[in-house]
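There are 2 protein chains.
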Amino acid sequence: MADPDPRENHVLDALPPEEAARLFPQLKLVKLPLGASVYESGDVQRFIYFPTNAIISLLYVLKDGASAEIAVVGNDGVIGVSLFMGGETTPSRAVVQSGGFAYKLTSSALKDEFERHGHMLQVLLRYTQSLITQMAQTAVCNRHHSVDQQLCRWLLLSLDRLPGPSLSMTQELIANMLGVRREGVTTAAGKLQRLGVIRYSRGRITVIDRPKLEELSCECYAAVKKETDRLLPYALYRPEVTEPALAI
Amino acid sequence: MADPDPRENHVLDALPPEEAARLFPQLKLVKLPLGASVYESGDVQRFIYFPTNAIISLLYVLKDGASAEIAVVGNDGVIGVSLFMGGETTPSRAVVQSGGFAYKLTSSALKDEFERHGHMLQVLLRYTQSLITQMAQTAVCNRHHSVDQQLCRWLLLSLDRLPGPSLSMTQELIANMLGVRREGVTTAAGKLQRLGVIRYSRGRITVIDRPKLEELSCECYAAVKKETDRLLPYALYRPEVTEPALAI
DNA sequence: GCTCGTATGTGCGATATCACACTTAACGAG
DNA sequence: CTCGTTAAGTGTGATATCGCACATACGAGC
Chain S
1 MADPDPRENH VLDALPPEEA ARLFPQLKLV KLPLGASVYE SGDVQRFIYF PTNAIISLLY
61 VLKDGASAEI AVVGNDGVIG VSLFMGGETT PSRAVVQSGG FAYKLTSSAL KDEFERHGHM
121 LQVLLRYTQS LITQMAQTAV CNRHHSVDQQ LCRWLLLSLD RLPGPSLSMT QELIANMLGV
181 RREGVTTAAG KLQRLGVIRY SRGRITVIDR PKLEELSCEC YAAVKKETDR LLPYALYRPE
241 VTEPALAI
Chain P
1001 MADPDPRENH VLDALPPEEA ARLFPQLKLV KLPLGASVYE SGDVQRFIYF PTNAIISLLY
1061 VLKDGASAEI AVVGNDGVIG VSLFMGGETT PSRAVVQSGG FAYKLTSSAL KDEFERHGHM
1121 LQVLLRYTQS LITQMAQTAV CNRHHSVDQQ LCRWLLLSLD RLPGPSLSMT QELIANMLGV
1181 RREGVTTAAG KLQRLGVIRY SRGRITVIDR PKLEELSCEC YAAVKKETDR LLPYALYRPE
1241 VTEPALAI
């Protein structure tokens, strides 16, 4: 099987050709199996990961073991922002929510690239701002919206990062992500199934009526999507694209 | 009255002498009165603000008017991270929670400084990472902790950014920040007063027993404080300080 | 001192989520 | 085909927060 194109990752795809040319040879493809941890809270991060078809959840775990997802990252972004933000570690953990592949780059290769003062840092920072937006929206959503609405939001966020309309995920795991009880997810998912929006059985969820799902979701999904699209439009810094949509 | 020292702001204070020397003359002191808005959702940001004794809340407002605070910024940080993250706007609003002063710098002066490739960007990015931590912790706190605990956390976060033990703030406003009902804050504050931890009347709250307050707070306060201290230790990039605590 | 606006206190029913216990159902391994 | 494991469904009572209505209390200004 041929390796996936690094350009499947939107951050890598945003780079101008000459930067891509010198960076892509240094990328190493890695498999990220379902359930694997990319980093744990407090780990010194040595690599930055650019997912192609994998989806990773950023989770925050409390002392008593309770947790909540603060963001979802797929081929739209990168894992390991603390590498370039300067902290080297973060208090969150990154868990593979949907198995797949990612390209990784060593910390030192990334720093070498920054030394050249190209566009890499700018692209990464713009992505980080969209990540901040997602986290802020999650905070408000946790406060004000029902489990039903949040499940819709969560399904949509995952769906956007997958090729097809179905995902492998038990209700138990979804409950962990949302920071609610498993029974709450069962109830919410039951409603969606009765409405004909999704179908599921034993860890496989298929979305049948996506427009309806968007309708039932809280505004948080659309808000995050809008801001993400604004901050990282397709091929941001690639000159051949006629509308750069940006004055740098 | 003499102008406050820019070094009251921890970010400015972290800069090495030569960078401070060329940057400080360009700072302009501005008064930030209680209740003022520093920026609204979607505003193009033209200045970055370095608070000295003012405290600013970053709020996220939903369509129906419900809101929640996602972070608090005082002399430990800056307002306007989207200026250097590249987004130019953000979907949040910044409201002055405690009146005071801040130094502001124009977007172009900041960009000129970045061109010199000194430490400014690094300091700002490290601060931004601590802001991310605060937002993530807020998201989890909103999900898992009681109003009582969150009130303690909020009081501590504000207290750390004030010179004295008392703050001007009605329960109504606190409720808006936390995204809960005013009555919930009344009840929680009543408990704290009965325990002798705080005293309050008509918009003035005085903390009497801070250790007890920390004890009653959820772990979120300590977690944020620890990470903030780690990311922005006093005088991070000032060479005269013997322990830089950092290998850049 | 009186008055009025605002801050705070309280009570009560509605609702959502939780915690726990248990049942039912699907699938895979032998 | 059967058994064991795991996913999903259900029921009940406890708790927290909400939404609303109203009572009280403080303090600035006349």
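First to last, the protein sequences are chains S and P. So in my numbering, the last one in the first sequence is 248, and the numbering has no gaps at all. So in my numbering, the last one in the second sequence is 1248, and the numbering has no gaps at all. Backbone N, C-alpha and C define an ideal beta-carbon position, used for all residues, glycine too. Computed from a predicted model, the values in this text were never measured in an experiment.
Establish whether the CB of Ile132 (chain S) and some CB of chain P are separated by less than 9 Å. yes
Measuring only the C-alpha atoms, how far is Pro4 (chain S) from Pro51 (chain S)? 10 Å
Compute the Euclidean distance between the alpha carbons of Ile1248 (chain P) and Arg7 (chain S), then round it to the nearest angstrom. A caution first: Ile1248 (chain P) carries a pLDDT of 45, below 50, which makes its placement in the model unreliable, though a value can still be read off. Distance between the alpha carbons of Ile1248 (chain P) and Arg7 (chain S): 30 Å.
Taking the straight line between their C-alpha atoms, what separation do you get for Ser168 (chain S) and Leu216 (chain S)? 21 Å
Do you know whose CA, among S:Val96, S:Tyr221, S:Ser82, S:Arg181, lies nearest Leu110 (chain S)'s CA? S:Ser82
List the DSSP bridge partners of Glu69 (chain S). S:Leu59
Determine, for Ala1066 (chain P), whether the minimum Cβ-Cβ distance to residues of chain S falls below 9 Å. yes
Can you pull the chain S residues whose beta carbon is under 8 Å from the beta carbon of Leu1231 (chain P), in chain order? Gly86, Gly87
Residue range of the alpha helix (DSSP H) that includes Thr186 (chain S): 182-194
Which residues in the same chain as Thr187 (chain S) place their Cβ atom closer than 6 Å to its Cβ, once the five residues preceding and following it in sequence are excluded? none
If the cut is a Cβ gap below 8 Å, which residues of chain S does His1060 (chain P) touch? According to the sequence displayed, residue 1060 (chain P) carries Tyr and not His. Here the neighbours are Ala136, Gln137, Ala139, Val140.
So for Ile174 (chain S), helix, strand or coil by DSSP? helix
Pull the bridge partners of Phe1047 (chain P) from the DSSP assignment, please. P:Thr1106
Restricting to Cα atoms, I'd like to know which of P:Pro1211, P:Gln1193, P:Gln1137 is closest to Ala66 (chain S). P:Gln1137
Determine which residues share a DSSP beta bridge with Ser1130 (chain P) and list them. Answer is none; Ser1130 (chain P) lacks a bridge partner.
Here's the rule I'm using: 16 or more other beta-carbon atoms within 10 Å means buried, otherwise exposed. How should Thr1206 (chain P) be labelled? exposed
Proximal chain S residues relative to Gly1179 (chain P), where beta-carbon distance stays under 8 Å: Val140, Arg143, His144
Between which residues of its own chain and Thr1128 (chain P) is the CB-CB distance below 6 Å, once the five residues before and five after are set aside? Val1081
Check each candidate in P:Cys1152, P:Gln1193, P:Met1120 and name the one with the smallest Cα separation from Glu1018 (chain P). P:Met1120
Going by alpha carbons, who is nearest to Glu1219 (chain P) out of P:His1144, P:Gly1196, P:Glu1040, P:Ile1079? P:His1144
Does DSSP put Thr206 (chain S) in a helix, a strand or coil? strand
Just checking: is the beta-carbon of Arg1116 (chain P) within a distance shorter than 9 Å of some beta-carbon in chain S? no
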